[in-house]
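Residue 326 in numbering that gives the first Met the number 0 is what sits at position 327 of the sequence shown, and the numbering runs on without skipping anything. Note that CB positions come from ideal geometry on N, CA and C, so glycine has one too. Quick caveat: nothing in here was measured; it's all calculated off a predicted structure. Working notes, structure below.
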Amino acid sequence: MSCDVGLYGLAVMGQNFALNMASHGFKVCVGNRSPAKVELTVNRAKTEGNLPLVGSIDPKDFVKQLSKPRKIIILVMAGKPVDDTIETLSQYLDEGDVIVDGGNEWFHNTLRRSETLEAKGIHFIGMGISGGEEGARNGPSLMPGGPKVAYDMIEPIITKCAAQVNDGACTGYVGPVGSGNYVKMVHNGIEYADMQLIGEVYDIMRHVLKLSNEEMASTFEEWNKGELDCYLIEITAKILPKKDELTGKGYVLDYVLDKTGMKGTGRWTIQEAAERSVAAPTMAASLDARYISARKDERVKASAILKGPDLEVPVNKAQMIDDLKAALYASKVCSYAQGLGIIKGCSDDMNWNVNLSDCARLWKGGCIIRAALLQKIQDAMSRDVNLPNLIMDPVIAGELNERTSAWRRVIITAVAYGIATPALSGSLNYFDSFRRASLPANMTQAQRDFFGGHTYARTDREGVFHTAWTDAHKSIGDISERAAGEV
Numbered sequence: 000m001s002c003d004v005g006l007y008g009l010a011v012m013g014q015n016f017a018l019n020m021a022s023h024g025f026k027v028c029v030g031n032r033s034p035a036k037v038e039l040t041v042n043r044a045k046t047e048g049n050l051p052l053v054g055s056i057d058p059k060d061f062v063k064q065l066s067k068p069r070k071i072i073i074l075v076m077a078g079k080p081v082d083d084t085i086e087t088l089s090q091y092l093d094e095g096d097v098i099v100d101g102g103n104e105w106f107h108n109t110l111r112r113s114e115t116l117e118a119k120g121i122h123f124i125g126m127g128i129s130g131g132e133e134g135a136r137n138g139p140s141l142m143p144g145g146p147k148v149a150y151d152m153i154e155p156i157i158t159k160c161a162a163q164v165n166d167g168a169c170t171g172y173v174g175p176v177g178s179g180n181y182v183k184m185v186h187n188g189i190e191y192a193d194m195q196l197i198g199e200v201y202d203i204m205r206h207v208l209k210l211s212n213e214e215m216a217s218t219f220e221e222w223n224k225g226e227l228d229c230y231l232i233e234i235t236a237k238i239l240p241k242k243d244e245l246t247g248k249g250y251v252l253d254y255v256l257d258k259t260g261m262k263g264t265g266r267w268t269i270q271e272a273a274e275r276s277v278a279a280p281t282m283a284a285s286l287d288a289r290y291i292s293a294r295k296d297e298r299v300k301a302s303a304i305l306k307g308p309d310l311e312v313p314v315n316k317a318q319m320i321d322d323l324k325a326a327l328y329a330s331k332v333c334s335y336a337q338g339l340g341i342i343k344g345c346s347d348d349m350n351w352n353v354n355l356s357d358c359a360r361l362w363k364g365g366c367i368i369r370a371a372l373l374q375k376i377q378d379a380m381s382r383d384v385n386l387p388n389l390i391m392d393p394v395i396a397g398e399l400n401e402r403t404s405a406w407r408r409v410i411i412t413a414v415a416y417g418i419a420t421p422a423l424s425g426s427l428n429y430f431d432s433f434r435r436a437s438l439p440a441n442m443t444q445a446q447r448d449f450f451g452g453h454t455y456a457r458t459d460r461e462g463v464f465h466t467a468w469t470d471a472h473k474s475i476g477d478i479s480e481r482a483a484g485e486v
């Protein structure tokens, strides 16, 4: 049969997304270097409803199976495997065909590949896919960025295959090439932060409140029925009470080694935050926490040398549970604010014109950070498309203001007990810094002028100024040149 779309790369995500497309009536051809994976996917298509899916183990034949203009989605490991796959397939493609890279890729690589393929007349789209294996099969969040003409060619397919929520499919045109990968990268940075925030709340529940796994599971399950309703809270409630079958004693979670792995997208997010001069303390804290967790052997040795507080502060259990709920919600809001700020920074620099309200909409279903909160974020960014920061929206600001006392009690308690809360604290510090009209940055800038003659602006008059702070300071000449190179 002549196929509507091809999918090359058949790890579990590739298999599942191919079956997703076939389940929606699209004729799919799958390809992979491994004949066994092609056979496995074809067999799955038969057993999962005799779906319209065929396989090919030869790249030339794979391309030949597709109707023109050809549409190919590749799902292989980021980096060189993507380049190799594009090189292999593109030699059989014609002008006007489309390649879609659905992997977690550094957006600069997407820009480079697009430029190379454009010279051959082949369209290239970088499309972030979130939702894991389950989402790929049943409906993920899809974030495509590329030429609009190419997006229009794949739109009927991805609109049907994406997760569906109250206002439509969790996909849409993000912007020019690179923007889709970028939005997915920031999604992953927010994901890092969300997971770290939940981990810190769990730590306080476990070591301060002394809650059992069952009690914690019940609390998270209850939270998931209200404002904290989200996928990560949902799975936390399922992880906590899971009994360990290997030993027959206790819970699986209590046997999981406290070393968090990562694939690099969180690091990219923080690199980009720095590149765009956007503060992202919650996400940066979550990345640092993963680095520290990886040094398990060092931490074990340090635990015998470094001492925590001896004094335990009395805590009202019911009050602290309510406070943790409020602190978690407020911290999540700040994390999303930081993520949207990074997207806006790059979008402005690159002239992508990414719609931040649409980003929230794309994330409402199918993806790892899907949450009820995203509807409020979508509404906030729709009310004022020029909103400088999410937390400045009147509705969002009101919610944060209502929770600050609880938020601070959580941090104070954690400090008293020696419980590290870098992400919860990072969010509160972000809030406190942003809400202040005056910061101690005047001291920092004065120090820069003292040792480097970097000049400063004044609060009482226009212009650029430099002070001879001591008798040793000499004239620095034309002070207007001293600010050159500032970022």
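Review point. For Cys2 versus Lys36, is the C-beta spacing smaller than 7 Å?
Key: no
Point to revise | Val312 (DSSP reduced to helix, strand or coil) | key: Residue state, collapsed to three classes: coil.
Practice item. Go to Asp82, then tell me how far its alpha helix (DSSP H) extends in each direction, as first and last residue. Key: Lys79 to Ser89
Point to revise | Contacts around Lys183, its chain only, beta-carbon distance under 6 Å, and the 5 residues preceding and following it disregarded | key: Its chain contains Gly127 and Met142 as the residues whose beta carbon lies nearer than 6 Å to that of Lys183, once the 5 sequence neighbours on both sides are disregarded; these appear in chain order.
Review point. Taking the continuous alpha helix (DSSP H) assigned at Asp383, which residues delimit it?
Key: Looking at the DSSP string, Asp383 is not in any alpha helix (DSSP H), and its letter there is neither H nor E.
Point to revise | For His206, the first and last residue of its enclosing alpha helix (DSSP H) | key: Ser178 to His206
**Study point:** Length-filtered (4 minimum) alpha helix (DSSP H) runs lying within the stretch 297–355
**Key:** 316–349
Check your understanding: Under the three-state reduction of DSSP, which class applies to Ala422: helix, strand or coil?
Key -> helix
Review point. Is the number of C-beta pairs between the stretch 461–473 and the stretch 438–450 that are closer than 8 Å three or more?
Key: yes
Point to revise | Inter-residue spacing [alpha-carbon to alpha-carbon] between Ala379 and Ser356 | key: Here the alpha carbon of Ala379 sits roughly 8 Å from the alpha carbon of Ser356.
Check your understanding: What residue from Asn354, Leu372, Met12 and Ile72 has the CA that sits closest to Cys28's CA?
Key -> Ile72
**Study point:** Backbone CA spacing between Pro421 and Ala326 [nearest angstrom]
**Key:** 13 Å
**Study point:** Through-space distance from Asp347 to Ser334, alpha-carbon basis
**Key:** 20 Å
Practice item. Quick one: measure Cβ to Cβ for Ala21 and Ala44, integer angstroms, because I've assumed they're closer than 8 Å. Key: 6 Å
Exercise for review: Please state whether DSSP places Pro68 in a helix, a strand or coil.
Suggested key: Coil, per DSSP.
**Study point:** Close Cβ partners of Gly24 (< 6 Å) along its chain, the five nearest in sequence each way excluded
**Key:** none
Practice item. Give every residue of the same chain whose Cβ lies closer than 6 Å to the Cβ of Ser426, excluding the five residues on either side of it in the sequence, and list them in chain order. Key: Counting only residues of its own chain and dropping the five nearest sequence neighbours on each side, Ser426 has a CB closer than 6 Å to the CB of Thr281, Ser330 and Cys333.
Review point. Given that a residue counts as buried once 16 or more other Cβ atoms are within 10 Å of its Cβ, and exposed if not, what is Pro175?
Key: buried
Review point. Given Arg360, which residues of its chain have a CB within under 6 Å of its CB, disregarding the five upstream and five downstream residues?
Key: Excluding sequence neighbours, Arg360 sits near Gln377.
Practice item. Could you tell me whether the Cβ atoms of Lys258 and Lys295 are closer together than 7 Å? Key: The beta carbons of Lys258 and Lys295 sit closer together than 7 Å.
Check your understanding: Roughly how far, in whole angstroms, is the beta-carbon of Ser178 from the beta-carbon of Gly144, given that I think they are within contact range, below 8 Å?
Key -> 4 Å
Review point. Among all the DSSP beta bridges, which residues are the ones paired with Gly144?
Key: Gly125 and Gly174
Review point. With distances taken from CA atoms, which of Ile156, Cys366, Val200 and Thr109 is nearest Glu133?
Key: Cys366
Review point. Can you find at least 3 beta carbon pairs, one from the stretch 242–254 and one from the stretch 285–294, that sit closer than 8 Å?
Key: no
Practice item. Just mark Lys363 as buried or exposed, buried being the case when its beta carbon has 16 or more other beta carbons within 10 Å. Key: By the neighbour-count rule (16 or more Cβ atoms within 10 Å), Lys363 is buried.
Exercise for review: Determine contact between the stretch 82–92 and the stretch 114–127, defined as no fewer than three beta-carbon pairs at a distance below 8 Å.
Suggested key: yes
Review point. If Lys242 and Tyr250 are in contact, beta carbons under 8 Å, what's the gap, nearest whole angstrom?
Key: 6 Å
**Study point:** Beta-carbon separation (whole angstroms), Ala77 vs Asn103, contact threshold 8 Å
**Key:** 6 Å
Review point. Between Phe464 and Val207, what straight-line distance do the alpha-carbon atoms span, to the nearest angstrom?
Key: 51 Å
Practice item. Assign Val384 to one of two classes, buried (16 or more other C-beta atoms within 10 Å of its C-beta) or exposed (fewer than that). Key: Exposed, because fewer than 16 other Cβ atoms sit within 10 Å of the Cβ of Val384.
Review point. Beta-carbon separation of Ala440 and Ile390 under 7 Å?
Key: no
Check your understanding: Can you tell which of Asn223, Tyr150 and Ile232 has the C-alpha that lies nearest to the C-alpha of Leu196?
Key -> Comparing Cα positions, the closest option is Ile232.
Practice item. Below 8 Å CB to CB, which residues in the same chain sit around Asn42 once its five sequence neighbours on both sides are set aside? Key: none
Check your understanding: Would the beta-carbon of Ala161 fall within 7 Å of that of Val97?
Key -> No, these two residues do not count as a Cβ contact at 7 Å.
**Study point:** Residue nearest to Gln318 in terms of C-alpha spacing, selected from Leu110, Ala405 and Ile156
**Key:** Ala405
**Study point:** Asp431 - DSSP class collapsed to helix/strand/coil
**Key:** helix
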